[in-house]
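Encoded as structure tokens, the structure appears first; notes follow it.
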Amino acid sequence: MNVQFFYISLSIYIFSTLFYLLYFAFNRYLFERIGFISLFSALVTHFISLLLRYFEGGYTPITNIYESLSFFALCIGAFFIFVRHTYGVHILGSFIVPAISFILAISAFLDHDIRPIPPYLKSYYLPIHAAFSFIGNGIFFTSFIVSLLYLIVENYIKKKKIPFFAMRLPSLELLDRINVRCISIGFPFLTLGIISGSVWASLAWGSYWSWDPKEVWSLITWLIYAIVIHRRLIVGWKGRKTAFMMIIGFFSILITFIGVNYFMGGKHSYL
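Residue numbers (my numbering): 103 to 373.
Shown next as structure tokens:
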């Protein structure tokens, strides 16, 4: 049943994507409204699919690549709703919602079967550690998109040749403010994810830190975002430098999530 709800949510996400792209092309409020209502409906259906999988499998469904991508996409969508409500940046949905649909389309081709999980995953630390980590990742994905848009808008302003679509993007000041909000919320989640993972590792493997590849790259990612916070507070970094670092930080997240699991191995390669 959970898979059926997953495909229903994917269909609604794609429907929402269509209207957000129409909104981007024609700037009609009705298109954005339909896209947003569809997105909200997709998120509810998506959450139900994860809830059903939890009851059907008997574990928190964030243990393999299919489940992880699914939960990651849910976190992105939920945070976009927060950003949209807080800053009124409706146009951001024209970039976020297609990304969600793309992530879920990839996961649709992966193995959906529910299988027994390793003994060390049968812990109440699994939902704590995974939720903190993926919520933080979802927030930083938003900052990644925002940073790309910042650099695009800045580039057109410098050239003094602003195409029509760039004129509808948020101002540089607003994009920078959203980036600050992303890191102020995402960094604590990332930190809590690392701390809870260390406690869990101590219980499962007898050591808080073993320099496993995923632990190393998690630390690198944490340091990148810590540098951004430090440089903004101490040196006064704004705009372009922050955007570049947020992009680098998200690439580090990709290495942590995908690169380690598929190419580096280690204790966390069960995904």
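Glycine residues also receive a C-beta, built at the ideal position from the N, C-alpha and C atoms.
Just so you know, the alpha carbons of F149 and L176 end up roughly 7 Å apart. Taking the C-beta atoms as reference points, L212 is found no nearer than 8 Å to I164. With distances taken between CA atoms, F352 lies nearest to L325 out of A144, F128, L325. Secondary structure at I167: helix, using DSSP grouped into helix, strand and coil. Annotation: S113 to F138 spans about 14 Å, alpha carbon to alpha carbon.
In this structure W339 is buried. Its beta-carbon is surrounded by 16 or more other beta-carbon atoms within 10 angstroms. The beta carbon of T344 sits closer than 7 Å to the beta carbons of D278, N281, V330, R334 from its chain, once the five residues preceding and following it are set aside; these are given in chain order. By the criterion of a C-beta distance shorter than 6 Å, F236 is surrounded in its chain by F173, F174, C177, once the five residues flanking it on both sides are discounted.
DSSP places V318 in the uninterrupted alpha helix (DSSP H) bounded by 315-336. Comparing alpha-carbon positions, the option among S209, S312, A210, G299 lying closest to F234 turns out to be G299.
Minimum Cα-Cα distance from S286 among the listed residues G238, I247, V301 corresponds to G238.
A Cβ-Cβ separation of about 4 Å places F126 in contact with S196 under the 8 Å criterion. Taken through DSSP and simplified to helix, strand or coil, P290 comes out as helix. Around the Cβ of H187, a 10 Å sphere holds fewer than 16 other Cβ atoms; the residue is exposed. Within the model, the alpha-carbon separation for V318 versus H214 is close to 30 Å. For the set R155, L356, N104, G190, the Cα lying nearest the Cα of L271 is the one of G190. Distance between I297 and L305, taken at the CA atoms: about 13 Å. Contact between V199 and Y115 is confirmed by a C-beta separation of about 7 Å, below the 8 Å threshold.
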